[in-house]
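The working numbering puts the sequence shown at residues 102 to 262.
A short worksheet on the structure shown next.
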Amino acid sequence: MKVPGKGKVAVLGALMLGAGSAWGEVHEVEVRNQGSDGQRMVFEPALVEAAPGDTVRFVFEDMGHNAAAYHPDNRGKPSLVPEGAAAWDSGFKKPGDAFEVTLDTEGAHHYFCLPHEGMAMVGLIAVGDAGQGPGLDAVEDSGIPDAAKAKLRKLHEELDG
C-alpha cells in the first residue's frame with residue numbers, strides 16, 4: 102500500500118532538522134542572589150562555551166539584577182568583547198523574566214551585573230575561538246573592580262584548563 106505524501110513528510114522532517122542546527126544551541130544562565138555553592142550574587146554558570154550563532158538565555162531568579170556586555174555603549178564600560186561585537190544589556194528584570202542574546206562574533210565576551218559588579222557578579226561567554234580576544238591582559242588593564250578582575254581571571258583559567 103502506498104502512503105501519499107510520505108516522501109514529502111520525510112523531506113520536510115530533514116529540512117526541519119537541518120534548520121534547527123543552523124539556528125544554534127541555547128545556553129541557559131541563571132541570574133541569582135545565591136548560587137548552588139552558596140556564593141552570593143552569581144551568574145550560574147558563569148562560564149559558557151558557545152559556537153558562533155548560539156544564544157545565551159539569562160533567566161532572572163531574583164530582583165535587582167541585569168546582565169550587560171562590557172562595552173563602551175554600556176555606561177562607558179571598557180570594551181571587553183571582541184572587536185565588532187555589539188553592545189547588549191538586559192535592563193533590570195523581575196523574577197521569572199528572561200533575556201536572550203545571540204552571539205556571532207568569535208572571542209571572549211565578558212559581561213557584568215551593574216549593581217553587583219564590585220561583588221564579582223561577572224561572567225564569560227567564550228564564542229568559538231575565545232583566543233581571538235579580548236584576553237586576560239585586557240581584563241587586567243581594564244580598570245574594572247578588583248573582585249570582578251579576580252573572577253574573570255578564574256574563568257579564563259577554567260577555560261584554558
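Cβ coordinates follow ideal geometry from the N, Cα and C atoms, glycine included.
Ranked by Cα distance from I226, the first of D174, G177, A249, L253 is L253. With contacts defined as CB atoms closer than 9 Å, V130 and V157 qualify as a contacting pair.
Around the beta carbon of K195, fewer than 16 other beta carbons lie within 10 angstroms, which makes this residue exposed.
When secondary structure is reduced to three states using DSSP, D261 falls in the helix class. Around the beta carbon of R141, a 10 Å sphere encloses fewer than 16 other beta carbons of the protein chains shown; the residue is thus reported as exposed.
Distance between G229 and V202, taken at the CA atoms: about 16 Å. In this structure, the alpha-carbon of A152 lies about 21 Å from that of K255. At least 9 Å separates the beta-carbon of A188 from that of G224. DSSP, read as helix, strand or coil, puts G192 in coil. L237: not part of any beta strand (DSSP E); member of the alpha helix (DSSP H) spanning 237 to 241, first to last residue. Relative to E218, the option among G139, V132, G208, E162 whose CA is nearest is V132.
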